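Asker: Got a structure here, written out as structure tokens. Questions coming.
And the structure:
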């Protein structure tokens, strides 16, 4: 998992967050993301390779596209409120 440590810039909290996210994906609903997460966790592929792969890239980007479409429809006040709520989550 040296790739995760490199991506995290040596920050152990970020590396742990990446590993935790991969474990969540490995147990998630998407068979394709489960496959990818397990492959990364086992060291069969790196996270960078997974993101660069056409096999997995659409599966990664679709949730973001859905979020972004909703985000663009939000008022500035709602965006600020959402950001404030999320900042609290990252500090815990």
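In the working numbering, the protein residues as written are 2 to 93. Note that CB positions come from ideal geometry on N, CA and C, so glycine has one too. Model, not experiment: these values are computed from the prediction.
Just the Cα atoms here: how many angstroms apart are residue 93 and residue 85?
Answerer: Per-residue confidence for residue 93 stands at a pLDDT of 47, beneath the threshold of 50, marking its modelled position as unreliable; the derived number appears in the next sentence. Taking the straight line joining both Cα atoms gives about 13 Å.
Asker: Ordered along the chain, which non-local residues of its own chain (more than five positions away) have a Cβ less than 8 Å from that of residue 63?
Answerer: Correct list: empty, nothing qualifies.
Asker: Quick check: the Cα distance between residue 60 and residue 53, rounded to an integer number of angstroms?
Answerer: Looking at the two C-alpha atoms, the distance is approximately 12 Å.
Asker: Near residue 57, which residues of its chain fall below 6 Å by C-beta distance, leaving aside the five closest residues on each side in sequence?
Answerer: Closer than 6 Å at Cβ, skipping near neighbours: 37, 51.
Asker: In angstroms, rounded to a whole number, what distance separates the CA positions of residue 42 and residue 82?
Answerer: Each residue's alpha carbon lies about 35 Å from the other.
Asker: Excluding sequence positions up to five away, which residues of its chain have a Cβ less than 7 Å from the Cβ of residue 29?
Answerer: Counting only Cβ-Cβ distances below 7 Å, and skipping sequence neighbours, we find 35.
Asker: What are the uninterrupted segments assigned as alpha helix (DSSP H) that are 4 or more residues long and contained completely in the segment 14-56, given in chain order?
Answerer: The qualifying runs are 32-43, 48-53.
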